[in-house]
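Participant: Quick one: this structure, given as structure tokens, is what I'll be asking you about.
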Amino acid sequence: KNQCDRFLHYSNTDFYYSEVVDLAEKLTSITPGNFSKKVYFGNSGTEAIEAAIKLAKWHTRKPLFIGFIGAFHGRTIGSLSFTASKLPQRRYFFPLMPGVTHVPYPYCYRCPFKLSYPECHYWCVDFIDELVLQKYVPPEEVAAIMFEPIQGEGGYVVPPPEYFQRLKKLADKYGILLIDDEVQSGIGRTGKWFAIEHWDIEPDILCSAKALASGLPLGATVAKEKVMDWVGGSHASTFGGNPLSCVAANAVIDIIKEERLLENATKQGTYILKRLDELKERSEIVGDVRGKGLMIGMEIVENKETKKPSPKQASEIMMRSWKRGVAVITCGVSTIRVAPPLNITRELVDAAMAIIEDTVKEVEKEV
């Protein structure tokens with residue numbers, strides 16, 4: 002309200018404003034890496050991704066990229082070139098941006114290589130090095146690898162413990178940048194400011210949006226200072242970093258700190274995972290439970306032996322839960338995402354879990 006009374010718009014391509022500068026400083030302090038950074042503000046996660054694509058091309062002067070099957074990065078032409086989670090997102094929009102090669106994501110419950118962790122020895126990383134980069138994508142022409150630390154639309158898929166360390170080692174080997182898409186997983190969702198912190202990795206470029214301004218239109222691309230070295234006019238946005246959204250984002254970061262919501266996300270998330278793991282043990286249709294903090298996925302299957310996805314049952318569980326007061330939504334083929342607000346209490350968690358457990362039991366009986 003105070004910001005609305007002052008003014009709503011200025012062009013950050015020409016001027017600086019105190020609230021925007023404050024937000025940039027906060028973001029550079031909470032994003033991974035103790036090094037100098039720069040920030041570009043847009044209006045959405047998709048815009049943050051588009052900026053990251055252009056920045057990687059500018060800095061490296063290289064044309065090629067690697068993305069992941071199952072990823073979602075947006076629906077504009079550049080971002081859509083990386084998105085690969087559902088056919089309707091891409092159908093009839095070709096040709097997209099050239100130069101993007103997709104590789105399998107480390108989806109251990111449904112390993113694309115039909116292997117098992119940890120006996121696989123992270124073949125999903127070696128595959129990129131030994132086949133992709135040695136057979137048909139010249140590594141010296143790859144600008145960046147873009148990833149979600151936890152795939153969102155792809156099914157709340159969580160990589161194994163050493164995956165990103167190995168991917169970082171591969172990227173460093175060839176001088177390839179890492180672009181971390183934290184649009185869904187960032188701003189405390191996983192109990193860390195950004196999900197990639199669970200793997201102790203410092204990306205070259207990081208994208209944030211959605212929760213950043215708690216629903217107001219704002220996207221941010223944060224990069225190492227030496228990477229965001231483009232000249233004025235290389236990229237800009239008329240409305241990006243508008244004062245109202247930046248005021249909201251500053252408040253979001255302050256409240257998360259003051260109310261210790263990272264700790265709460267970790268605490269409540271650990272408890273929810275425990276409850277869902279217990280549900281998995283007594284249910285034949287809960288195939289897998291995975292997550293970090295309050296970014297949790299429960300994959301629904303026809304039975305545990307075949308692990309055949311059951312989107313119909315997942316949808317039924319979602320709709321009945323909604324009608325009973327619990328807001329969950331599906332992702333992937335048949336995964337239910339459990340992603341309550343960061344300030345949720347144990348009392349509300351217990352109430353929600355009771356509804357989810359009863360609903361799963363009810364739907365399972367009807368099979």
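Under the numbering used here, think of the first position of the sequence shown as 2, with each following residue one higher.
Cβ atoms here follow ideal geometry from the backbone N, Cα and C, with glycine treated the same way.
Here the structure is a predicted model, which is why all the values come from computation and not from measurement.
Less than 8 Å between the C-beta atoms of Phe73 and Gly153, yes or no?
Facilitator: Yes.
Participant: Would you mind working out which of Leu134, Tyr164 and Val138 sits nearest Phe148, comparing C-alpha positions?
Facilitator: Here the closest residue by C-alpha is Tyr164.
Participant: Below 8 Å between beta carbons: does that hold for Cys208 and Asp230?
Facilitator: Cβ distance not < 8 Å, so Cys208 and Asp230 don't count as in contact.
Participant: Here's the rule I'm using: 16 or more other beta-carbon atoms within 10 Å means buried, otherwise exposed. How should Arg167 be labelled?
Facilitator: Looking at its Cβ environment, which holds 16 or more other Cβ atoms inside 10 Å, Arg167 is buried.
Participant: Please list the terminal residues of the continuous beta strand (DSSP E) segment that includes Ala221.
Facilitator: Its beta strand (DSSP E) spans residues Gly220 to Lys225.
Participant: Could you please give me the residues that DSSP links to Ala237 through a beta bridge?
Facilitator: Paired residue(s): none; Ala237 is not in a bridge.
Participant: Since Gly100 and Ala85 are thought to touch, with beta carbons under 8 Å apart, how far apart are those beta carbons, to the nearest angstrom?
Facilitator: 15 Å between Cβ atoms; not a contact.
Participant: Would you mind working out which of Ile330, Pro64 and Glu260 sits nearest Ile345, comparing C-alpha positions?
Facilitator: Among Ile330, Pro64 and Glu260, the Cα nearest to that of Ile345 belongs to Glu260.
Participant: Let me know the beta strand (DSSP E) ranges lying completely inside the stretch 18 to 65, each 3 residues or longer, listed in chain order.
Facilitator: Listed in chain order, the complete beta strand (DSSP E) runs (minimum 3 residues) inside the stretch 18 to 65 are 38 to 43.
Participant: Are the beta-carbon atoms of Leu9 and Ala250 separated by less than 8 Å?
Facilitator: For Leu9 and Ala250, no; Cβs fall outside 8 Å.
Participant: Let's test the definition: count the other Cβ atoms within 10 Å of the Cβ of Asp201 and tell me whether it reaches 16, buried, or not, exposed.
Facilitator: It counts as exposed.
Participant: Got a sec? Which residues, its chain only, sit under 7 Å from Ile356 by beta carbon, not counting five neighbours each side?
Facilitator: Hits under 7 Å: Ser322, Arg325, Gly326 and Val327.
Participant: Which full runs of the alpha helix (DSSP H) of 4+ residues lie inside the stretch 283 to 334, going along the chain?
Facilitator: As far as the stretch 283 to 334 is concerned, its whole alpha helix (DSSP H) runs of at least 4 residues are 312 to 324.
Participant: Between Trp124 and Leu116, how many whole angstroms is the CB-CB distance? I'm expecting something under 8 Å.
Facilitator: Going by Cβ atoms, the distance from Trp124 to Leu116 rounds to 6 Å, so yes, they are a contact pair.
Participant: If we count the other Cβ atoms within 10 Å of its Cβ and call it buried at 16 or more, is Thr191 buried or exposed?
Facilitator: When all chains shown are included, Thr191 counts as buried.
Participant: Please classify Arg276: is it buried, with 16 or more other beta-carbons within 10 angstroms of its beta-carbon, or exposed?
Facilitator: Burial call: buried.
Participant: Helix or strand or just coil, what does DSSP make of Gln152?
Facilitator: Strand.
Participant: What does the Cβ neighbour count give for Arg291, buried or exposed, with the cut at 16 atoms within 10 Å?
Facilitator: Buried, because 16 or more other Cβ atoms sit within 10 Å of the Cβ of Arg291.
Participant: Just list the residues that DSSP pairs Phe69 with in beta bridges.
Facilitator: BP columns for Phe69 point to Val104.
Participant: Nearest to Arg7 by CA position, among Leu274, Pro33, Lys293 and Val248, is which residue?
Facilitator: If we check each option's Cα against that of Arg7, Val248 comes out closest.
Participant: Hey, out of Ile330, Tyr108 and Asp205, whose CA is closest to Asn35's CA?
Facilitator: The candidate whose alpha carbon is nearest that of Asn35 is Asp205.
Participant: For Ile103, which residues from the same chain have a beta carbon less than 7 Å from its beta carbon, with the 5 sequence-adjacent residues on both sides left out?
Facilitator: Just to set this straight, residue 103 is His in the shown sequence, not Ile. Cβ within range, chain order: Gly68, Phe69, Ile70 and Ala85.
Participant: Would you kindly report the start and end of the unbroken alpha helix (DSSP H) that includes Ile206?
Facilitator: Counting along the chain, Ile206 falls outside any alpha helix (DSSP H), though it belongs to the beta strand (DSSP E) covering Ile206 to Ser209.
Participant: Bridge partners for Ile254 per DSSP, in chain order?
Facilitator: In DSSP, Ile254 forms no bridge with anything.
Participant: At a cut of 8 Å, does the stretch 348 to 363 reach the stretch 262 to 281 through at least three beta carbon pairs?
Facilitator: A contact exists between the stretch 348 to 363 and the stretch 262 to 281.
Participant: What are the boundary residues of the beta strand (DSSP E) that Ile337 is part of?
Facilitator: Note, Ile337: beta strand (DSSP E), Thr336 to Val339.
Participant: For Asp6, which three-state DSSP category applies?
Facilitator: The answer is helix: DSSP assigns Asp6 an H, G or I state.
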